[in-house]
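The sequence shown begins at 1438 in our numbering and counts up one residue at a time.
Heads up, the beta-carbon is just placed ideally off N, CA and C, and yes, glycines get one too.
Before any comments, here is the structure.
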Amino acid sequence: MNELNPERLVAFANRLADASGGVIRPYFRSGIVVDIKGDGSPVTKADQEAETVIRALIAQEFPEHGIWGEEHGRARPDAAYEWVVDPIDGTKAFLCGAALFGTLIALCENGRPILGILDQPIQKERWIGMKGRGTTFNGERVRAKPPVPLERAILCSTTPEMFRDWKAPKHARLAARSAFTRWGVDCYAAGMIANGYVDLMADALLKPWDYLALVPIVEEAGGVVTDWDGAPLTVRSGETFLAGANPAIHAAALALLKE
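Rendered as structure tokens:
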């Protein structure tokens, strides 16, 4: 990140979130038409148009950077810096009229996320995490929770449908040891970790655009993020995601998932 000014990046992150939010808000609770993609997941004009706006701004500001978006594919994948975008993470929540979705934008340096944006455009809530500079929520620094015993930990996961085959008993073991599991929060759960309300988030069947933006947000608030094997998340990572509010709770959860 030597040639990238941090203040410039934060200002640009806010521009991206402002622009995407301006596209998304008019479509929310509007009866928008839904299409089904080849993988069975829903997509709308809001997803597609928000990503188009984000990509156009990135191409204008940083033409040498790569861009990888859920809806419009990957460009310049060999670039040292690559933006990874999910215009609406939680499209099903969006379609249900529930403001638990978010726009996710990550900037990766040599494959590792160094900047993450989680924007909830309806509630006008925005998290920005930058490597070495902390996490902010609507411009104010936030910190995740201190350690608690696993039996008192709040776990968030998106849907039981994520945990098939070998993942099902692992997640069930973690859920059984936690205080309770809150389902259906999507990426919003990572914001709640950063703000100090949630202890753990465990998901699977994910793609890099689903989680890379969340890594700096959680880690710069004091948490830890890895896959279920304990490896750091990069553009080459697989489908599993584990975020903990602090190293202790993350280690306790990871030990159960690795059994």
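- Taking glycine 1569 as reference, the option from Ala1689, Asp1455, Gly1667, Pro1653 with the minimal CA-CA separation is Pro1653.
- When the alpha-carbon of glutamate 1676 is set against those of Ala1682, Ala1668, Asn1683, the nearest one is in Ala1668.
- With at least 16 other beta carbons inside 10 angstroms of its own, cysteine 1593 counts as buried.
- Within a 10 Å sphere around the beta-carbon of alanine 1690 sit 16 or more other beta-carbons, which makes this residue buried.
- With distances taken between CA atoms, histidine 1509 lies nearest to Gln1485 out of Leu1541, Gln1485, His1502, Ile1554.
- Residues Ile1554, Asp1556, Arg1563 of the same chain have their beta carbon placed closer than 6 Å to that of alanine 1454, with the five preceding and five following residues left out of the count.
- With a beta-carbon spacing of about 6 Å, tryptophan 1520 and leucine 1544 fall inside the 8 Å limit used to define contacts.
- Looking at the DSSP output, phenylalanine 1531 bridges to nothing.
- CA-to-CA, the gap between arginine 1513 and glycine 1503 works out to about 4 Å.
- Cβ-Cβ distances below 7 Å link isoleucine 1559 to Arg1462, Phe1465, Ala1536 in the same chain, with the five nearest sequence neighbours on each side left out; the list follows chain order.
- By alpha-carbon distance to proline 1645, the top candidate from Ile1495, Ile1565, Cys1533, Arg1511 is Arg1511.
- Going by DSSP, glutamate 1562 is part of no alpha helix (DSSP H) but of the beta strand (DSSP E) stretching over 1562 to 1567.
- The three-state reading of DSSP puts isoleucine 1654 in helix, counting H, G and I together.
- One thing to note: glutamate 1696 has its Cβ within 9 Å of the Cβ of arginine 1610.
- In this structure, DSSP gives serine 1594 an extended state, which the three-state scheme calls strand.
- Arginine 1578 carries a strand assignment under DSSP once its states are collapsed to helix, strand and coil.
- By the neighbour-count criterion, in which 16 or more other beta carbons inside 10 Å mark a residue as buried, aspartate 1476 falls on the exposed side.
- The beta carbon of threonine 1595 sits closer than 6 Å to the beta carbons of Asp1623, Asp1640 from its chain, once the five residues preceding and following it are set aside; these are given in chain order.
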